[in-house]
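Take a look at the structure below.
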Amino acid sequence: MLTMSFTSDMTRRAKAGITTGGNLVQLGAESSTFVMVDIIRRKFSWSEFFLQAWFMVRVSLAPTILVSIPFGVILSVQIGAVASQVGAVSFTGAVNGIGVLRQGAPLVASLMIAGAVGSAICSDIGARTVREEIDAMKVMGINPVQRLVSPRVLAALVVSLMLAVIVAMTSMATAFILVVGGGQVSSGTYVNSFVAFSKPWDLYMALIKALIFGFIATIVACHKGLSARGGPKGVADAVNQAVVLSVILLAVVNVALTEVYAMFSGEGV
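Following this note's numbering from start to finish, the sequence shown increments by one per residue and tops out at 1739.
Now the structure itself:
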């Protein structure tokens, strides 16, 4: 009986996971199509886009900066200690800068989108769902994906890029101040090592990751909001599920993108 119950539970969870994955892909494709078609036809809700973009900036900007500073401190201290032990202090700038660009900036930005912004998006759309506002929109012939999801997706893409740049600049500046100010290397050596080993595609990959991560986090938040059931408790559960699922998906996709980049660039990341 115990084995049958376990097998049944795992089968049910697997089916639910496949269904969720399919729904996420469908929502992502539908919202992306609406964004492109509405912009071309000049029917895109720019007012909603700017409203959501400004909301996302207000919610995530301060936490992003506050996370970026200690991230730069930890990076510089740990890498500086290892570099001193192996006699490679002159390469500190390259390791710090490339590490921030390839991994730190897009991940921190996307986690801010998934946590601060995603939870707010999910709670907003979830509250509309349990109040049957989404059903009312459908009755009036208004597509909720076109009206609510598409502007939020485009806004999240723009804000994700902005946050990734802010994380990169803040973390790299913090690491530079600590390493150079601490007398480990000169400013010229630090900058030259970064310039010598970094490539334009490091920046391009950071921006591509930020776009993909922001898109995933927003689609997950919108999907969980549209799927919320059961009143306030259902909305709270949807928010928790959205944040957890976003973090898991971001980690998996980050590994995949990192391996693809390493494969085509011919080096590890």
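Idealized CB from N, CA, C, for every residue including glycine.
Asked                                                                                                           : Found
G1588 classed as buried or exposed, judged by whether at least 16 other C-beta atoms fall within 10 angstroms   : buried
N- and C-terminal bounds of the alpha helix (DSSP H) containing F1561                                           : Here F1561 belongs to no alpha helix (DSSP H), and DSSP marks it neither H nor E.
Every unbroken alpha helix (DSSP H) within the segment 1623-1674, with a cutoff of 4 residues, ordered by chain : 1657-1667
Meets three-Cβ-pair contact criterion under 8 Å: the segment 1696-1703 and the segment 1668-1685                : no
Completely contained beta strand (DSSP E) runs for the segment 1497-1529, where each covers 3 or more residues  : none
Continuous alpha helix (DSSP H) stretch holding A1457: start and end                                            : In the structure as shown, the chain starts at 1471 and stops at 1739, and residue 1457 therefore has no counterpart that could be examined.
Buried/exposed call for N1566, threshold 16 Cβ in 10 Å                                                          : buried
For A1603, the three-state DSSP class (helix, strand or coil)                                                   : Ala is not the amino acid found at residue 1603; the sequence shown has Glu there. E1603: helix per DSSP, three-state reduction.
From A1643, Q1573, I1510 and F1683, residue whose alpha carbon lies closest to that of I1535                    : A1643
Length of the line joining the Cα atoms of R1528 and T1477                                                      : 46 Å
Straight-line gap, V1739 to A1666 (C-alpha atoms, nearest Å)                                                    : Residue confidence for V1739 is low, a pLDDT of 44 falling below 50, so the modelled location carries little weight; the figure read from the coordinates is stated next. About 16 Å.
Neighbourhood of T1640 by C-beta, 7 Å cutoff - its chain only, sequence neighbours within 5 removed             : I1535, S1538, I1539 and G1542
Outcome for Y1731 when other beta-carbon atoms lying within 10 angstroms are tallied against a minimum of 16    : buried
Boundaries (first-last residue) of the alpha helix (DSSP H) holding L1581                                       : A1575 to M1582
Local conformation of A1698 per DSSP, three classes                                                             : coil
For G1611, three-class secondary structure by DSSP                                                              : coil
Contact the segment 1623-1641 vs the segment 1577-1597: 3+ CB pairs below 8 Å                                   : yes
Within 8 Å, strictly: CB atoms of M1683 and L1627                                                               : A quick correction: the sequence has Phe, not Met, at residue 1683. For F1683 and L1627, no; Cβs fall outside 8 Å.
Residue environment, P1614, which counts as buried when at least 16 other CB atoms sit within 10 Å              : buried
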